[in-house]
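Visitor: My questions will all concern the structure given below.
In our numbering, the protein residues as written are 115 to 524.
In structure tokens form, the structure reads like this:
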């Protein structure tokens with residue numbers, strides 16, 4: 115196993131070289147000489163680590179710590195270069211723009227669900243941004259996520275910082291370190307390597323706020339086998355940030371009900387878990403819900419209702435058939451396919467619960483493939499969650515044991 119761990123560090127070194135070269139090419143080092151020094155340090159560190167792996171008596175754990183540390187330095191510099199050098203005004207998505215403006219409104223005591231967001235890119239001096247079009251030719255010009263999606267950024271905006279820093283420079287390193295700490299030592303750096311293997315994944319982390327719901331969902335999955343009440347708290351935070359994880363809720367109920375000795379006990383357990391999650395979900399949302407119920411519902415359910423008009427197809431999933439003009443399928447047909455997929459998944463989940471019970475954590479990513487607005491960012495966010503679930507399976511279940519906590523949940 116020690117030699118396999120060395121191979122893992124070799125892969126980390128290769129990834130480190132890749133990020134170093136990307137930073138070197140993208141960051142205009144003749145204008146930013148500090149970047150050149152950082153890249154030189156990364157190159158030197160990668161070479162030293164690579165050579166040290168061949169030492170017979172190498173301190174392997176120290177080498178692994180060093181490689182993960184350098185990878186985080188490289189991705190942080192990569193993100194900072196993207197934010198401040200490569201794309202200071204081109205955000206790549208309307209999410210960071212709307213998030214920043216919503217946080218600004220909160221600081222001024224205004225309910226951001228009640229105001230239109232058209233013209234915000236000009237107001238905030240961002241001359242380019244990607245908007246979300248609707249099928250009637252207009253664009254989404256209001257908040258379309260639950261309240262925690264922007265409340266988490268209020269301190270960042272208050273400090274005058276770019277909102278993209280939270281996900282790329284703070285939350286992503288926490289995700290990496292959580293996986294690295296939670297994984298058994300004998301696994302080395304292998305569990306964190308998938309998060310660095312694709313620079314497109316990091317680009318998504320920079321331009322979108324996916325880490326804001328991925329991290330609490332990871333914690334919900336991690337605590338499932340340790341403290342179900344705490345797991346429920348983290349799941350509530352997850353749902354308060356984005357709608358996709360709501361799809362996990364029915365499977366949590368099914369797991370409790372059909373995993374218990376009798377249905378009544380399982381139902382009581384699901385009510386307790388759901389009650390805790392609902393309270394946590396409502397805490398950040400209630401002020402805006404009370405202030406304007408109609409505006410809150412319209413905003414939060416935009417992905418479904420589309421602000422009164424359906425959103426356009428987005429072909430990074432099954433909808434690619436319509437996106438490419440191969441098959442003329444109506445939006446409603448995809449909705450039926452999605453509902454059918456949800457029903458099929460629920461039935462299969464109940465029938466094969468012992469085998470599939472941990473799959474519930476990635477159900478949203480699987481089902482979004484069937485949606486009329488599929489996006490690869492939904493699928494790639496499966497990676498960190500799947501990794502943490504696999505580690506939990508190893509720690510608390512093993513190959514043959516079944517220590518599922520719902521058996522003992524009062």
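Every residue, glycine too, gets a C-beta built ideally from N, C-alpha and C.
1. Please list, in chain order, all residues of the same chain as residue 497 whose beta carbon is under 7 Å from its beta carbon, the five residues on each side excluded.
2. For the segment 320-329 against the segment 282-301, do three or more pairs of beta-carbon atoms, one drawn from each stretch, fall closer than 8 Å, so that the two count as touching?
3. Please report the Cβ distance between residue 413 and residue 227, rounded to the nearest whole angstrom; I am assuming they are in contact, meaning their Cβ atoms lie under 8 Å.
4. May I ask which residues mark the beginning and end of the alpha helix (DSSP H) holding residue 321?
5. Going by the beta-carbon positions, is the gap between residue 361 and residue 432 smaller than 7 Å?
6. For residue 440 and residue 434, I'd like the C-alpha separation in whole angstroms.
7. What's the call for residue 147, buried or exposed, on a 16-neighbour Cβ count within 10 Å?
8. Quick check: the segment 467-479 against the segment 378-393, are there 3 or more CB pairs under 8 Å?
9. Does DSSP put residue 487 in a helix, a strand or coil?
10. Between 373, 163, 506, 126, which lies nearest to residue 340 when the distance is taken from Cα to Cα?
11. When you compare each of 359, 494, 300 to residue 174 by their alpha carbons, which one comes out closest?
12. With DSSP as the reference, label residue 358 as helix, strand or coil.
13. Under 7 Å, do residue 199 and residue 177 count as touching if we go by C-beta distance?
14. What do you get for residue 375, buried or exposed, if any count of 16 or more other CB atoms within 10 angstroms of its CB means buried?
15. Using only alpha-carbon positions, find the residue among 304, 448, 332, 180 that is nearest to residue 116.
16. In the DSSP assignment, find the unbroken alpha helix (DSSP H) run with residue 337 in it and report its ends.
17. Does residue 296 come out as helix, strand or coil in the three-state DSSP assignment?
18. Using the three-state DSSP reduction, which class does residue 396 fall into: helix, strand or coil?
19. Between residue 74 and residue 161, what straight-line distance do the alpha-carbon atoms span, to the nearest angstrom?
20. Going by C-alpha to C-alpha distance, which of 194, 154, 456, 182 sits closest to residue 320?
21. Taking the C-alpha atoms as reference points, what is the distance between residue 215 and residue 260?
22. For residue 257, does the three-state DSSP call read helix, strand or coil?
23. How many Å lie between residue 126 and residue 503 at the Cα?
24. Since residue 499 and residue 354 are thought to touch, with beta carbons under 8 Å apart, how far apart are those beta carbons, to the nearest angstrom?
25. Assuming contact is defined by CB atoms lying nearer than 7 Å, are residue 330 and residue 351 in contact in what I supplied?
Guide: Looking at the coordinates:
1. Against the chain shown, residue 497 aligns to sequence position 383. Within the same chain, Cβ atoms closer than 7 Å to the Cβ of residue 497 are found at 308, 309, the five residues on either side in sequence being excluded.
2. Result yes; three or more Cβ-Cβ pairs closer than 8 Å.
3. Residue mapping note: residue 413 aligns to position 299 of the chain shown, counting from 1. Residue mapping note: residue 227 aligns to position 113 of the chain shown, counting from 1. Right, their Cβ atoms sit about 5 Å apart.
4. For this step, residue 321 is matched to residue 207 along the chain shown. Residue 321: member of the alpha helix (DSSP H) spanning 313-321, first to last residue.
5. Residue 361 sits at position 247 when you count from the first residue of the chain shown. Residue 432 sits at position 318 when you count from the first residue of the chain shown. No, the pair does not count as a contact, with Cβ atoms beyond the cut-off.
6. For the purposes of this step, residue 440 is taken as residue 326 along the chain shown, with counting starting at 1. For the purposes of this step, residue 434 is taken as residue 320 along the chain shown, with counting starting at 1. Residue 440 and residue 434: Cα-Cα distance of roughly 8 Å.
7. Taking the chain shown and counting its residues from 1, one reaches residue 147 at position 33. Using a 10 angstroms sphere on the CB of residue 147, the tally of other CB atoms stays under 16, which defines it as exposed.
8. Short answer: they don't touch.
9. The residue you call residue 487 lines up with position 373 of the chain shown. Note: residue 487 maps to strand in three-state DSSP.
10. By one-based count along the chain shown, residue 340 stands at place 226. If you compare the alpha carbons of 373, 163, 506, 126 with that of residue 340, the shortest gap goes to 506.
11. Walking along the chain shown from the start, residue 174 turns up at place 60. With distances taken between CA atoms, residue 174 lies nearest to 300 out of 359, 494, 300.
12. Translated into the one-based positions of the chain shown, residue 358 becomes position 244. The answer is helix: DSSP assigns residue 358 an H, G or I state.
13. Here the question's residue 199 lines up with position 85 in the chain shown. Here the question's residue 177 lines up with position 63 in the chain shown. No. Outside cutoff.
14. Counting from one through the chain shown, the residue named residue 375 turns up at place 261. Exposed, because fewer than 16 other Cβ atoms sit within 10 Å of the Cβ of residue 375.
15. By 1-based counting over the chain shown, the position of residue 116 is 2. Of 304, 448, 332, 180, the residue nearest in Cα terms is 304.
16. Against the chain shown, residue 337 aligns to sequence position 223. That run of the alpha helix (DSSP H) goes 325-337.
17. In the chain shown, counting from the first residue as 1, residue 296 sits at position 182. Reduced to three states, the DSSP call for residue 296 is helix.
18. By one-based count along the chain shown, residue 396 stands at place 282. The answer is helix: DSSP assigns residue 396 an H, G or I state.
19. This structure cannot speak to residue 74, because the chain is shown only from 115 to 524.
20. Counting from one through the chain shown, the residue named residue 320 turns up at place 206. Nearest of 194, 154, 456, 182 to residue 320, Cα basis: 194.
21. As a working note, residue 215 is residue 101 in the chain shown. As a working note, residue 260 is residue 146 in the chain shown. So the alpha carbons of these two residues sit roughly 15 Å apart.
22. Mapped onto the chain shown, residue 257 falls at position 143. Residue state, collapsed to three classes: coil.
23. In the chain shown, residue 126 corresponds to position 12, counting from 1. In the chain shown, residue 503 corresponds to position 389, counting from 1. Between the alpha carbons of residue 126 and residue 503 lies a gap of roughly 22 Å.
24. Taking the chain shown and counting its residues from 1, one reaches residue 499 at position 385. Taking the chain shown and counting its residues from 1, one reaches residue 354 at position 240. About 17 Å; that fails the 8 Å criterion.
25. Within the chain shown, residue 330 is the residue found at index 216, counting from 1. Within the chain shown, residue 351 is the residue found at index 237, counting from 1. Result yes, Cβ atoms of residue 330 and residue 351 sit closer than 7 Å.
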